[in-house]
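Chains as they are written, first to last, in this note's numbering: chain V, 1 to 290; chain X, 1001 to 1277; chain D, 2001 to 2346. Each remark here refers to the structure printed beneath this line.
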Amino acid sequence: MSEFIEYSLLGILSGGVTALIALSFVLIYKGTGVVNFAVGEVMMLGAYFYYAATVMFGLPPVVALALGLIGIAVLAVAFERIVLRPLSGQPPVAVLMATIGMASIIHGGVEAVWGGDTYSPPPLLPRTPLIFNDILIPGAVLGNFAVAAVLIAGFFAFFRFTSVGIALRATASDPVTAATLGIDINSALRLTWVLSAVVGTVAGVLIASSAGLSPLLAAAAMSVFAAIILGGLDSIVGAIVASLLIGWVEALAAGYLGGKSRDIVPFVVVLVILIFRPYGIFGSRTIERL
Amino acid sequence: MSLRAEVEVPAVLQEPTQGLALAVEGVDLRFGGIRALRGVSFSAEPGKITAVIGPNGAGKTSVFNAISGFYRPAAGRITLGGEDITSMPIHARAKRGIARTFQNIALFHGLSVLENIKLGGHHTMRAGLLSAMVYSRSTRDEEVALRAEVERKVIDFLEIDHIRHLPVGVLPYGMQKRVELARALAMQPQVLLLDEPVAGMNREETEDMARFILDVQEEWGVTVLLVEHDMGMVMDISSKVVVLNFGEVIASGTPDVVRRHPEVIRAYLGTEGADPA
Amino acid sequence: MRTGICHETFASEERLWPVAATRVWMLILAICLFSLPLWGGDYVLAMTCIVGIHIVATLGLNITTGNTGLISLSHGAFLGVGCYTVAWLAHRGVPFYVALPAAGLLTALIGVVVGLPSLRVKGVYLAIATLAAHFILTFVFREWDAVTGGVPGTTIPRASIGNFTFVGDRRNFYLIYGCAFLLAIAARNLARTYIGRAFVAVRDRDISAEILGVNLLQTKLQAFAIGAFYAGVAGGLLGYFYGAITPEYFVLTLSVFYLAAVIVGGLGTVLGSVLGAVFMTFVPEALRLAVNASSHWFPSVAALLLPMGQAVFGLLIIVFLVFEPHGLAAIWSRVRRVIHLWPFRT
């Protein structure tokens, strides 16, 4: 039983970072209608920026994180302006392919610059483990979850209470009406990309500083697709709940079925959901018009 | 340049089809809490032109979508020639003879005019996948027969032979509407649903379209059901008019009866005593 | 200069190549291509074989994604299914002319299962579903040792007919291009029948297509099955060509490679598939030659080859999407127009 509790706790806690990645994805989908397949690569690139700033330039972790966030934000704005805006009005497949292209460029670029080796960037958070009866929870897992929780709470407050957040929500639900009410759509789109990139980078840095940094980091975002599908593409709450759920299922599968099953369980979940409940648990089913 | 069919067109296809009666009986349609249609009942007589009119948001297009099968009614039924088609799959209705055009033109931009029209004949095609991939003799004969038929019955009829190889995207609006009608006719319909066939057209284009609709009804014997805002055209060509308001039928009958119906006058003008036409 | 074309029957206009000049050109092309093993160099021949396999796979993906608009990220894994099927059958003495179609059919069956969500979900969801299928399939490739040989991989006995064994590039060439030629014609044929028109209709406006009598369920599954069939055959050819295979080959990058080939070549045309596959194979080759040439001065540059290739794929996808969404096929038809109308200009 204590084994079950340990797996469950670890899984749900590690789901916190997954929720951040999912948030990064859902923000863009909700705000701009783009399905961002580069979410894992953005996260990875942000982590490499952090690594470069700390190890190669010797900056303190917090400053390095800030630099990494700025760097990623600039790239996100550039991508939105140079690639996505000319593609607006194109079929979703074209836009989706553009993000795959972007992912490919980032991946190739990162490997060209840093190679395929695994690095260990300095930890962002203290690593004191928490021991609770005979259950040990590593400090990194706990810290990552705490950062994720604070950040997500911050986002909820932002969207609920600030005028900019409300303007973003208005743009997401009806861009044309929002524009007539005086909201600058282009800057709203830009801000959405920046926010998403920032969230992704934080997730990347958290993962890299606790589990090491290599180009394989981008693959961590793959299991997020399971969470997104489970939660429904356009639901932030759904994405978060589903991320915790997926983290839990992954940990149980890894604990009881062996480590390899961790790679596969999320995707089996995806296929099953898509066949039986295609719009997820929280997703909205749109009424189609002719 | 003369194009001549080398394949015999089956005799069945040369006779005008006798349109079937279409009846909508007590249909209710709900979207969440909104009742888009409340107990709507009317019928379209075989081989006649029936018009559905009403102010914006009255539920005209919803009726069409229910008949097409795109919306499932919460109550009531729809029959075609006496057969209940309320829960028939959308694509199967084409085979039963329901064809339609769309309010916002729904042509396929990846296909030429001719290919768009040929798609109307989709439900008559039988070739298997393998046979199509090797383009066997039977596939070829079927394709050429389809081509011959749409050329003879539809393209000549609607006078669009000069544009048949153009991509649909380059055509002016009025022409696109005509190609959509052509595609619907290629379905060899029993009942033709026309959703605002002359919306956005100028006087001349409207008259052309009205002439085509009358020709279709007279020469093909098809039952026509149309939704339209152009009151003059509706009153000129329809033999029966159904008036919807807020999802309910408020009047139906011959154009003359409907024109003088007090409910209709109120719905359109908000006052009594004026003539909506 | 050609001024116009006159057809006297519908049948003549519905032909595969309605113009006599095109038929002559196709014949010349076919003769040049099929005599290549007699006069081509080793390097050229090996490259041409790989291009041929990519052409077969791209033709299939172009039917699923280009014509029907169903985005598939599991195409690379479908090649794996075909390859391992051929390996398994060939070890049991099944001749290639049975094994290749069987590989295609089995892959088509798996394609149908992967395509099942496409009945209820569109675009994005489908992309994620096929992504999931990719990971599940590659997991099976790594773990199912009995059939796939696991991570170390497996061998594939050479294809042979009678006493003739397809050993070496020169002989495999005929196997590959025989299949490529037949499958390219089949794709063209499909496009000029009602099934091909229904594919495009489903891509452009699926609901209108359904109201016109197109069975969405059947059409989407057909598109998936055909695309997967091509991938299965391509995978089988890959197996016969290399003689050994590991799961390493069927990574997600392979699926992206084929998607890139479809976009760069031109969505929904057979010519586009061919041009895209050729172009996308030669771009990394050109890159490799450039790197080899410059490694004399920059020895470390060789390590950058693979990542640079990946970055170039991404760049090509984006550049074509933004500047030439209709791909190389559209560029080619513009060039042809200029040649036909020469010396006049449009």
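From the three backbone atoms N, C-alpha and C, an ideal C-beta is built for every residue, glycine too.
Would you mind telling me which residues of chain D sit closer than 9 Å to residue i, beta carbon to beta carbon, in chain order?
i            : result
residue 80/V : In chain order: nothing, as chain D lies at least about 13 Å away.
residue 98/V : 2317, 2318, 2321, 2322
Pick helix, strand or coil for residue i, following the three-state DSSP scheme.
i              : result
residue 2036/D : helix
residue 1267/X : helix
residue 1048/X : coil
residue 1001/X : With a pLDDT of only 39 at residue 1001/X, under 50, the local geometry of the prediction cannot be trusted, and the value read off the model is given with reservation. Three-state DSSP puts residue 1001/X in coil, outside helix and strand.
residue 2159/D : coil
residue 1023/X : strand
residue 2307/D : helix
residue 6/V    : helix
residue 1225/X : strand
residue 2053/D : helix
residue 2097/D : helix
residue 1167/X : strand
residue 1202/X : coil
residue 1082/X : coil
residue 213/V  : strand
Judging by CA-CA distance, which residue of the options is the nearest neighbour of residue i?
i              : options                        : result
residue 12/V   : 252/V, 258/V, 198/V, 272/V     : 252/V
residue 144/V  : 274/V, 2/V, 4/V, 18/V          : 18/V
residue 1179/X : 1051/X, 1113/X, 1169/X         : 1113/X
residue 1264/X : 1049/X, 1034/X, 1054/X         : 1054/X
residue 1233/X : 1075/X, 1164/X, 1212/X         : 1212/X
residue 103/V  : 32/V, 39/V, 232/V, 211/V       : 39/V
residue 2083/D : 2220/D, 2096/D, 2219/D         : 2096/D
residue 2200/D : 2225/D, 2065/D, 2158/D         : 2065/D
residue 2045/D : 2203/D, 2107/D, 2177/D         : 2177/D
residue 2058/D : 2251/D, 2286/D, 2227/D         : 2227/D
residue 2232/D : 2053/D, 2218/D, 2284/D, 2143/D : 2053/D
Along chain V, which residues have their Cβ under 8 Å away from the Cβ of residue i?
i              : result
residue 2117/D : 271, 274, 275, 278
residue 2125/D : 229, 233, 274, 278
residue 2135/D : 222, 263, 264, 267
residue 2325/D : 90, 94
residue 2308/D : 108, 112
Please list, in chain order, the chain V residues whose beta carbon lies closer than 9 Å to that of residue i.
i              : result
residue 2222/D : The premise fails here: residue 2222/D is roughly 19 Å from chain V at the closest Cβ pair, so nothing lies under 9 Å.
residue 2069/D : 91, 93
I need the straight-line Cα distance from residue i to residue j, nearest angstrom please.
i              : j              : result
residue 8/V    : residue 2317/D : 42 Å
residue 2257/D : residue 2182/D : 23 Å
residue 295/V  : residue 223/V  : Nothing in the structure corresponds to residue 295/V, since chain V is present only between 1 and 290.
residue 1007/X : residue 1076/X : In this predicted model, residue 1007/X has a pLDDT of only 47, less than 50, meaning its place in the structure is not dependable enough to derive any value.
residue 2161/D : residue 96/V   : 45 Å
residue 112/V  : residue 49/V   : 14 Å
residue 230/V  : residue 242/V  : 6 Å
residue 2325/D : residue 92/V   : 13 Å
residue 1011/X : residue 1147/X : With a pLDDT of only 44 at residue 1011/X, under 50, the local geometry of the prediction cannot be trusted, and no value is derived from it.
residue 61/V   : residue 156/V  : 26 Å
residue 2271/D : residue 2329/D : 6 Å
residue 75/V   : residue 2007/D : 56 Å
residue 105/V  : residue 219/V  : 15 Å
Could you tell me which chain D residues have their CB closer than 8 Å to the CB of residue i, listed as they occur along the chain?
i              : result
residue 1119/X : 2194, 2197, 2198, 2201, 2209, 2212, 2214
residue 1095/X : 2213
residue 225/V  : 2128, 2131, 2132
residue 1068/X : 2211
I want to verify the contact list: residues of chain X whose CB lies under 7 Å from the CB of residue i, in sequence order.
i              : result
residue 2145/D : None at all; the shortest Cβ gap to chain X is about 36 Å.
residue 2204/D : 1108, 1109, 1110
Please compile the residues from chain X whose C-beta is within a distance smaller than 9 Å of the C-beta of residue i.
i              : result
residue 2190/D : 1129, 1132, 1133, 1135
For residue i, which residues in chain X fall below 8 Å Cβ to Cβ?
i              : result
residue 2186/D : 1133, 1134
Taking 7 Å as the cut-off, is the beta-carbon of residue i closer than that to any non-hydrogen atom of the ligand MG?
i              : result
residue 2027/D : You won't find the ligand MG in this model; it holds no ligand whatsoever.
Counting only Cβ pairs nearer than 7 Å, list the residues of chain D close to residue i.
i              : result
residue 1147/X : 2010, 2014
Checklist line | Selection of the segment 239 to 264 of chain V by Cβ proximity to chain D, strictly under 8 Å | finding: 260, 263, 264
Which residues, in chain order, does the segment 103 to 117 of chain V contribute to contact with chain D at a C-beta distance below 9 Å?
If the cut-off is 9 Å between Cβ atoms, the segment 103 to 117 of chain V has 103, 104, 105, 106, 107, 108, 109, 110, 111, 112, 113, 115, 116 near chain D.
Short-range partners of chain V found in the segment 2251 to 2268 of chain D, where Cβ spacing is below 7 Å: 2256, 2259, 2263
message: What are the residues in the segment 1099 to 1114 of chain X lying within 9 Å of chain D by C-beta distance?
response: 1099, 1100, 1102, 1106, 1107, 1108, 1109, 1110, 1111
Looking at chain V, which residues of the segment 2311 to 2323 of chain D have a Cβ within less than 7 Å of any of its Cβ atoms?
2311, 2313, 2314, 2315, 2317, 2318, 2321, 2322
Beta carbons nearer than 7 Å to chain D: which residues of the segment 1082 to 1094 of chain X have them? 1090, 1091, 1094
| said: Can you pull out the residues from the segment 2040 to 2070 of chain D whose beta carbon lies closer than 7 Å to at least one beta carbon of chain X? | reply: none
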